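Participant: I'd like to ask you about the structure that follows.
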Amino acid sequence: MNDNTKQEDYIDIMQMLNALWKKLWIIVLSTVVGGAVFLFFTIFFITPLYESSAMLYVNNSSLDVGSTKIDLSDLNASKGLVDTYSVILNSRGTLEQVIELTGVDYSYETLKGMISTQTVNETEVFQVTVTSTDPNEAELIANTIVKVLPKRIDTIMDGSAVKIVDYAIVPETRVSPSYQSNALKGALLGAVICCAVIVIKELLDTTIHDEDYLLNHYPNVPLLIVVPIVREDGE
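Everything in the sequence shown is counted per my numbering, starting at 1277 for the first residue and increasing by one.
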């Protein structure tokens, strides 16, 4: 009984593979169509985003730059200031100055969502990145931030300073969406859906097409007779 069950399961799997092989051209067509649809949607309906970044150096004024002996605690203090400066950067007072100087039509909350900060390789340098649908706007906002932030910090904190390492430049390429990635996802989805439809139709098909179907599905039942197909031309 177990042998027969295993045999039937094996034959069913082969049947599914055979059904997929017979419909290979449909699967290929669905793959191409799926990729084309996703690519078309990405190009014409998804707005590209651009990123522009500037880098700032966090300086703890207690460090003696001319000295060859630097206290490790001073370095750690400078690194710790990065988080504090990020909070000041994202404060309403700072960003409202940026909005006023750039003339962009954004609310404080919207502009805050466009800005991200991170340390560079765990050093005292941190990076300010602005994401926008307009590459020139992204560069303008980023450079305005690095101009406003040092003065803003100087009025709030004592014993610390920020120096500009690199100004932002106008990005030449978008960061999203990825045409290649989205087209690949569409192609994969098209192939998966097509294969699923073919397999489901094959599982639901209980029609006896030929004697091989009976021999494969009912190996223990003898086949007594086969009714031939009679064509109208007499062949």
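For each residue, glycine too, the CB sits at the ideal point set by N, CA and C.
All of these numbers come straight from a predicted model, not from anything done at the bench.
I need the boundaries of the alpha helix (DSSP H) containing Tyr-1475, first residue and last residue.
Facilitator: What you label residue 1475 is simply residue 199 of the sequence shown in a count that begins at 1. The displayed chain sequence assigns Val, not Tyr, to residue 1475. Val-1475 -> alpha helix (DSSP H) spans 1455 to 1480.
Participant: Less than 8 Å between the beta carbons of Met-1555 and Gln-1403, yes or no?
Facilitator: Since the first residue shown for the chain is 1277 and the last is 1511, residue 1555 is missing from the structure and cannot be characterised.
Participant: Return the chain-ordered list of same chain residues with a C-beta closer than 7 Å to the C-beta of Thr-1378, the five sequence neighbours on each side being excluded.
Facilitator: As a position in the sequence shown, residue 1378 is number 102, starting the count at 1. The answer, listed in chain order, is Leu-1416, Ile-1417, Thr-1420.
Participant: Does the beta-carbon distance from Ser-1328 to Ala-1459 come in below 8 Å?
Facilitator: Within the sequence shown, the letter at position 52 stands for residue 1328. Within the sequence shown, the letter at position 183 stands for residue 1459. No; because the gap between Cβ atoms is not below 8 Å, this pair is not in contact.
Participant: Per the contact definition of three or more C-beta pairs closer than 8 Å, is the segment 1379 to 1389 in contact with the segment 1295 to 1315?
Facilitator: Contact between the segment 1295 to 1315 and the segment 1379 to 1389 is absent, because fewer than three Cβ pairs lie under 8 Å.
Participant: What number of angstroms, rounded off, separates the C-alpha of Thr-1407 from the C-alpha of Asn-1397?
Facilitator: To locate residue 1407, count along the sequence shown from 1; it is residue 131. To locate residue 1397, count along the sequence shown from 1; it is residue 121. Those two C-alpha atoms are separated by around 21 Å.
Participant: Considering only C-alpha positions, which residue in the set Ile-1289, Met-1290, Glu-1385 is nearest to Leu-1371?
Facilitator: The residue labelled residue 1371 in the question sits at position 95 within the sequence shown. Comparing Cα positions, the closest option is Glu-1385.
Participant: Report the partner residues of Asp-1434 according to the DSSP bridge assignment.
Facilitator: Numbered from 1 along the sequence shown, position 158 holds the residue referred to as residue 1434. Per DSSP, none; premise fails for Asp-1434.
Participant: DSSP has Met-1331 in a bridge; who is on the other side?
Facilitator: For the purposes of this step, residue 1331 is identified with residue 55 of the sequence shown, where counting begins at 1. Per DSSP, Gln-1403, Asp-1442.
Participant: From Asn-1472 to Phe-1316, what distance separates their C-alpha atoms?
Facilitator: Position 196 of the sequence shown, counted from the first residue, corresponds to residue 1472. Position 40 of the sequence shown, counted from the first residue, corresponds to residue 1316. Note that residue 1472 corresponds to Ala in the displayed sequence, not to Asn. So the two alpha carbons sit approximately 24 Å from each other.
Participant: At which residues does the alpha helix (DSSP H) containing Ile-1303 begin and terminate?
Facilitator: On the sequence shown, residue 1303 is found 27 positions in, with the first residue counted as 1. Note, Ile-1303: alpha helix (DSSP H), 1300 to 1321.
Participant: Please go through the same chain and pick out, in chain order, the residues whose beta-carbon is closer than 8 Å to the beta-carbon of Leu-1465, but skip the five residues on each side of it.
Facilitator: Here residue 1465 corresponds to residue number 189 of the sequence shown, with the count starting at 1. Here the set comprises Gly-1310, Phe-1314.
Participant: Tell me the residue span of the beta strand (DSSP E) that contains Thr-1449.
Facilitator: Within the sequence shown, the letter at position 173 stands for residue 1449. Taken as a continuous stretch (DSSP letters only), Thr-1449 belongs to no beta strand (DSSP E), as it is neither H nor E.
Participant: Tell me the DSSP secondary structure of Thr-1360 in three-state form.
Facilitator: For the purposes of this step, residue 1360 is taken as the residue at position 84 of the sequence shown. Three-state result, Thr-1360: helix.
Participant: Near Tyr-1382, what residues of its chain come up, given a Cβ to Cβ distance below 7 Å and the 5 sequence neighbours on each side ignored?
Facilitator: Here the question's residue 1382 lines up with position 106 in the sequence shown. Answer for Tyr-1382: Ile-1375, listed in chain order.
Participant: Alpha carbon to alpha carbon, what distance is there between Ala-1467 and Val-1308?
Facilitator: Here residue 1308 refers to the residue found at position 32 when the sequence shown is read from its first residue. Here residue 1467 refers to the residue found at position 191 when the sequence shown is read from its first residue. Cα to Cα, the separation comes out at about 9 Å.
Participant: So, under 8 Å CB-CB, Val-1438 and Leu-1425 are touching, yes? Tell me the CB distance rounded to an integer number of Å.
Facilitator: Translated into the one-based positions of the sequence shown, residue 1438 becomes position 162. Translated into the one-based positions of the sequence shown, residue 1425 becomes position 149. At roughly 6 Å, the Cβ-Cβ gap stays under 8 Å, so Val-1438 and Leu-1425 are in contact.
Participant: In the DSSP assignment, what are the bridge partners of Ser-1367?
Facilitator: As a first step, residue 1367 must be located in the sequence shown, where it is residue number 91. Looking at the DSSP assignment, Ser-1367 forms no beta bridge with any residue, so it has no partner.
Participant: Express the C-alpha separation of Ile-1432 and Ser-1457 in angstroms, rounding to a whole number.
Facilitator: Here residue 1457 is taken as the residue at index 181 of the sequence shown, counted from 1. Here residue 1432 is taken as the residue at index 156 of the sequence shown, counted from 1. The alpha-carbon atoms of Ser-1457 and Ile-1432 are separated by roughly 45 Å.
Participant: Examine chain C for any beta-carbon lying closer than 8 Å to the beta-carbon of Phe-1402, and answer yes or no.
Facilitator: Going by chain labels, chain C is absent from the structure shown, which holds only one protein chain.
Participant: When the Cα atoms are used, what is the spatial distance from Thr-1409 to Ala-1444?
Facilitator: The residue given as residue 1409 occupies position 133 in the sequence shown. The residue given as residue 1444 occupies position 168 in the sequence shown. Their backbone Cα atoms lie some 16 Å apart in a straight line.
Participant: Helix, strand or coil: which one does DSSP assign to Thr-1395?
Facilitator: Numbered from 1 along the sequence shown, position 119 holds the residue referred to as residue 1395. Strand.
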